[in-house]
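J.: Supplied in structure tokens, the structure appears directly below.
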Amino acid sequence: MDVAGLDLNLLKAFDALYAERHVTRAGQRMRLSQSPMSGALTRLREVFDDEWFVRSPTGMQPTPRADDLAGPISSSLHLMRSVLQGDASIRRRPITSARSR
């Protein structure tokens, strides 16, 4: 998959949905109403060709793929927040690129 055009807000929506297991509560977590949150879930499903979450009597249940990716996505979002907020522990790590290897 080419991630160059990926809307990172979809990963935030995934993270909120995974934590809340409910579209409306996930929307509240992201300060969105239910309708845009449902739209984000629809876009996630289209972009990644997976259901991600299925309705059940107890809320939205993650698919096996969602379970597999929840940890890495959450960790990645946390790292991005830390970097963008100037976390000192992140700044002390050496930065390397593929070009310098």
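The opening position of the sequence shown corresponds to residue 22 in this note's numbering, with each subsequent residue numbered one higher.
All residues carry an ideal CB built from backbone N, CA and C; glycine is no exception.
Given the structure is predicted, the values throughout are model-derived calculations rather than measurements.
(1) Alpha carbon to alpha carbon, how far is residue 103 from residue 94? Give it in angstroms, no decimals.
(2) Can the beta-carbon of residue 83 be found less than 8 Å from the beta-carbon of residue 91?
(3) What residue does the beta strand (DSSP E) around residue 77 start on, and which one ends it?
(4) In whole angstroms, what is the alpha-carbon distance linking residue 45 and residue 106?
(5) Sorted by chain position, which residues of the same chain lie with C-beta nearer than 7 Å to residue 41's C-beta, five sequence neighbours on each side aside?
(6) Take residue 71 and list the residues in its own chain whose beta-carbon comes closer than 7 Å to its own, dropping the five residues that flank it on each side.
T.: Quick look at the numbers:
(1) Counting from one through the sequence shown, the residue named residue 94 turns up at place 73. Counting from one through the sequence shown, the residue named residue 103 turns up at place 82. So the alpha carbons of these two residues sit roughly 14 Å apart.
(2) Counting from one through the sequence shown, the residue named residue 83 turns up at place 62. Counting from one through the sequence shown, the residue named residue 91 turns up at place 70. Using a Cβ distance threshold of 8 Å, residue 83 and residue 91 count as a contacting pair.
(3) Position 56 of the sequence shown, counted from the start, is the residue given in the question as residue 77. It spans 74-77 - the beta strand (DSSP E) in which residue 77 sits, taken as one unbroken run.
(4) Within the sequence shown, numbered from 1, the residue matching residue 45 stands at position 24. Within the sequence shown, numbered from 1, the residue matching residue 106 stands at position 85. If I take the Cα positions, the gap works out to 28 Å.
(5) By 1-based counting over the sequence shown, the position of residue 41 is 20. A distance below 7 Å between beta-carbons, with the five flanking residues on each side excluded, links residue 41 to the following residues of its chain, in chain order: 47, 50.
(6) The residue you call residue 71 lines up with position 50 of the sequence shown. So the qualifying residues of the chain are 84, 86.
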